[in-house]
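Colleague: First the structure, which I've put down as structure tokens, then a few questions once you've had a look.
Protein chains in written order, with the numbering used here: chain A, 9 to 121; chain B, -15 to 95.
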């Protein structure tokens, strides 16, 4: 158990819909990273927050957005969903702004039908 | 643009032998490298890391080697055990805070 909690674990929805994925970091972790893993693909970096502020952006679509709240939990919002958005979405947290170990949650599996 | 590459999608090794997993990167600004292991239906878990000021880091059966001039790192597992069967990801990070992961290598250790 990494101490990082992601909800929901599984989510099935239809094209065009909007979903929110939630991540609760380990106590004391200020950095939150979001990754997408599609079938047989690696972990694609989406976005990073550090202590409530956006720090880095990767290959995140404009239909996707994220935020980190004062209590340090983070949410990833996916809208106008397409079939290709079906993937595992991982949250990872760290106690530092860069370097150091990332602790991953178990992921949220999104299926878009 | 794949900045971190794992060119071998899969690897099979006999139990007790050495497993060598390779990773290449293109960005010379990366200064911190990590290896993660992932079992099915679980999140990746940290294995071992190395800073760019070192060329080797060892932790039990796991050793990571870094060749900065070749922009190459490798993970050695000796001896390999059936429980090591998993997908292994290498990752690289820099002062811009991003951790970039490779596409993974599926290791199968045969009993």
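Even for Gly, the Cβ is constructed at its ideal location relative to N, Cα and C. If you're wondering where the values come from, they're calculated on a predicted model, not measured in any experiment.
Who are the neighbours of residue 115 of chain A on chain C, taking C-beta pairs under 7 Å?
Modeller: No chain C appears in this structure, whose protein chains are A and B.
Colleague: Exposed or buried, which one is residue 61 of chain B when buried takes at least 16 other CB atoms within 10 Å?
Modeller: buried
Colleague: According to DSSP, simplified to helix, strand and coil, what is residue 59 of chain B?
Modeller: The answer is strand: DSSP assigns residue 59 of chain B an E or B state.
Colleague: Where does residue 29 of chain A fall in DSSP's three states?
Modeller: Here DSSP, grouped into helix, strand and coil, assigns residue 29 of chain A to strand.
Colleague: Buried or exposed for residue 121 of chain A, going by 16 or more other Cβ atoms inside 10 Å?
Modeller: exposed
Colleague: Output needed in chain order: residues of the region 56 to 78 of chain B with a Cβ under 7 Å from some Cβ in chain A.
Modeller: 73 and 77
Colleague: Going straight from the alpha carbon of residue 22 of chain B to that of residue 33 of chain A, what length do you get?
Modeller: 19 Å
Colleague: Helix, strand or coil for residue 91 of chain A, going by three-state DSSP, please let me know.
Modeller: helix
Colleague: Do we get a CB-CB distance below 9 Å when we pair residue 44 of chain B with the residues of chain A?
Modeller: no
Colleague: Starting from residue 34 of chain B, find everything on chain A with Cβ-Cβ shorter than 9 Å and list it in chain order.
Modeller: Taking a Cβ-Cβ threshold of 9 Å, none of the residues of chain A is close to residue 34 of chain B; the smallest such distance is about 11 Å.
Colleague: Quick one: measure Cβ to Cβ for residue 11 of chain A and residue 111 of chain A, integer angstroms, because I've assumed they're closer than 8 Å.
Modeller: Rounded to the nearest angstrom, the Cβ distance from residue 11 of chain A to residue 111 of chain A is 6 Å, consistent with a contact under 8 Å.
Colleague: Which partner residues does residue 82 of chain B have in the DSSP bridge list?
Modeller: Paired residues: none, contrary to the question.
Colleague: At what residues does the beta strand (DSSP E) containing residue 43 of chain B begin and finish?
Modeller: Here the beta strand (DSSP E) through residue 43 of chain B covers 40 to 43.
Colleague: Mapping the DSSP letters down to three states, classify residue 9 of chain A as helix, strand or coil.
Modeller: Assignment of residue 9 of chain A by DSSP, reduced to helix, strand and coil, places it in the coil class.
Colleague: Is it right to say residue 39 of chain B is buried, meaning 16 or more other beta carbons lie within 10 angstroms of its own, or is it exposed?
Modeller: Under a 10 Å Cβ-count criterion, residue 39 of chain B is classified as exposed, with fewer than 16 other Cβ atoms of the shown protein chains found around its own Cβ.
Colleague: Any C-beta of chain B sitting closer than 9 Å to the C-beta of residue 109 of chain A?
Modeller: yes
Colleague: Here's the rule: buried if 16 or more other CB atoms are within 10 angstroms of the residue's CB, otherwise exposed. What is residue 77 of chain B?
Modeller: buried
Colleague: Using a threshold of 8 Å, is the CB atom of residue 17 of chain B nearer than that to any non-hydrogen atom of the ligand ZN?
Modeller: Ligands in the displayed structure: none, and consequently the ligand ZN is not present.
Colleague: Just the chain A side, please: which residues come within less than 7 Å of residue 83 of chain B by C-beta, in chain order?
Modeller: 41, 53 and 110
Colleague: Between residue 113 of chain A and residue 27 of chain B, how many whole angstroms is the CB-CB distance? I'm expecting something under 8 Å.
Modeller: 5 Å
Colleague: Determine the chain A residues that contact residue 30 of chain B at a beta-carbon separation under 8 Å, and present them in chain order.
Modeller: Within 8 Å Cβ-Cβ: 109, 110 and 111.
Colleague: Please report the straight-line C-alpha distance between residue 3 of chain B and residue 88 of chain A, rounded to a whole angstrom.
Modeller: 44 Å
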